[in-house]
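Per the numbering used here, the sequence shown starts with residue 3, numbered consecutively. By construction, the Cβ of each residue, glycine as well, lies at the ideal position given by its N, Cα and C atoms. All values reported here derive from a predicted model rather than from experimental measurement. Below is one structure, written out as structure tokens, with a few remarks after it.
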Amino acid sequence: MKPSMRSVLIITIGLLIVLLIVPSVVVQFLPHGAGQAAGEVVQLKRPDPGEAPVPDIMVRVYRTNTKTIEKVPLEEYVRGVVASEMPHDFELEALKAQAMAARTYIIRRLIEKDFNDAPEGADVRDDTGHQVYQNEAELRRRWGKAYAHKISRINQAVNETRGKVITYQGKPIDATFFSTSNGYTENSEDYWGKQIPYLRSVESPWDKESPRFEQQMRFSLDEFQQKLGVQLSLPASSGQPFAEIVSRTEGQRVKEVQVGDRTFTGREIRELLGLPSSDFQWTIAGNEVVITTAGYGHGVGLSQYGANGMAKEGYTADDIVRYYYQDVAIEDYRQWIVKK
């Protein structure tokens, strides 16, 4: 029997309703992403912890010139440190290694909350005792018209390492760094008296390209004796050594030296005389003491000129970091820091 036109119309409308309702019900109960077609709009899953935006942590920087505290976003602080501590024209991978070291240094301070060596209310100072920091206005004055070009490289290094810190056994390290080695970095205990497992002496031959690798300083005999608090029995002939180096460290710096009737550490001599390094030799020339030094800085941790030399040879920032800091990992700091 032929169906009436009314029956056909009812059946057709019913089929259309089924076609419209059933797919949306099915999609509602599918897991996210299941049955996803090209071009289909779907709800995005919640980002993994590693994908979350970096928290906008503020660093309280004590400005030594103005004796004020400046609050700076973390990554902006890292940028100001890298721009102040390393030449902008260094290789990008060296700048990235410096950025990780600078970020690690401040994150470690924030986690440990040990600010006793900073003025009240500050997390860190802006001088060489902590990390040198200059803000944008200071960098613009320093670089002038070249600011945009120079800061672009710094920005790239900071952005490409965003959030990354250096860790040892799951904790941020004391990421010490310096300008130029004497061909070796120094064991931590040979300079600071404390053995730190990731701050071990390694060869750093790239530093010989540094303009600071070898320097010479001259002191009058009176000035030299006054600074060291010694009275010397000077040799009769000029050019002869007048002090004995008793021992050297694994990093080839002076460990102990006998001057007159006193024994000093190499670090003590460096600080008393203001030498660039504790690797030195000296002789008398007329009425002067001539001291020749190798390297610039304390020598512990990452060598900046060494890092640049490694980068020129094709090493990555991660390679550089793992060479100068032993047995370390590179991790995201957000697992320790919670925004206040």
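- Per DSSP, the unbroken alpha helix (DSSP H) holding Trp145 starts and ends at Glu138 to Trp145.
- The beta carbon of Glu258 sits closer than 8 Å to those of Ile247, Val248, Ser249, Thr265, Phe266, Thr267 and Gly268, all from its chain and outside the five residues before and after it, given in chain order.
- Taking a contact to require three or more Cβ pairs closer than 8 Å, the stretch 205-222 and the stretch 156-173 do not qualify as touching.
- Cβ-Cβ distances below 8 Å link Tyr200 to Tyr170, Ile175, Tyr327, Gln328, Asp329 and Val330 in the same chain, with the five nearest sequence neighbours on each side left out; the list follows chain order.
- For Glu114, the enclosing alpha helix (DSSP H) stretches over residues Leu94 to Glu114.
- At least 8 Å separates the beta-carbon of Val84 from that of Asp125.
- In chain order, Ala159, Glu162, Thr163 and Ala319 place their CB closer than 7 Å to the CB of Lys98, counting only its own chain and leaving out the 5 sequence neighbours on each side.
- Per DSSP, Val323 is one residue of the alpha helix (DSSP H) stretching across Ala319 to Tyr326.
- In this chain, the alpha helix (DSSP H) harbouring Val83 covers Leu76 to Glu87.
- When DSSP states are grouped into helix, strand and coil, Val126 belongs to the strand group.
- Taking C-beta atoms under 8 Å as the contact rule, Val256 and Asp281 qualify, at a distance of about 7 Å.
- Spatial neighbours of Lys152 in its own chain (CB-CB distance under 7 Å, excluding positions within 5 residues in sequence) are listed in chain order as His90 and Trp145.
- Of all alpha-carbon atoms in Ser181, Gly276 and Ile113, the one lying nearest the alpha-carbon of Gln133 is that of Ser181.
- The DSSP-derived three-state label of Asp281 is coil.
- Contact annotation, Ser183 with Gly308: C-beta distance approximately 6 Å; criterion of less than 8 Å satisfied.
- For Lys314, the enclosing alpha helix (DSSP H) starts and ends at Gln306 to Lys314.
- Asn118 sits exposed, since fewer than 16 C-beta atoms from the chains shown fall within 10 Å of its C-beta.
- For Lys173, the three-state secondary structure derived from DSSP is strand.
- If you look at Gln217, you'll find it in the beta strand (DSSP E) that goes Glu216 to Ser222.
- The beta carbon of Asp129 sits closer than 7 Å to the beta carbons of Thr66 from its chain, once the five residues preceding and following it are set aside; these are given in chain order.
- If you draw a straight line from the Cα of Val291 to the Cα of Asp263, it is about 18 Å long.
- For the pair Leu304 and Phe226, the CB atoms are not nearer than the 8 Å cut-off.
- The beta carbon of Ala96 sits closer than 8 Å to the beta carbons of Met88, Gln306, Ala309, Asn310, Met312, Ala313, Ala319 and Ile322 from its chain, once the five residues preceding and following it are set aside; these are given in chain order.
- Residue environment analysis places Leu76 among the buried positions, since at least 16 neighbouring C-beta atoms fall within 10 angstroms of its C-beta.
- Take the alpha-carbon of Glu188 and the one of His300: they are about 8 Å apart.
- Nearest in C-alpha terms to Thr295, of all of Gly288, Thr285, Pro278 and Ala287, is Pro278.
- Across the structure, Val232 and Ile293 are spaced so that their CA atoms are roughly 17 Å apart.
- If you compare the alpha carbons of Ile286, Gln228 and Ala287 with that of Leu274, the shortest gap goes to Gln228.
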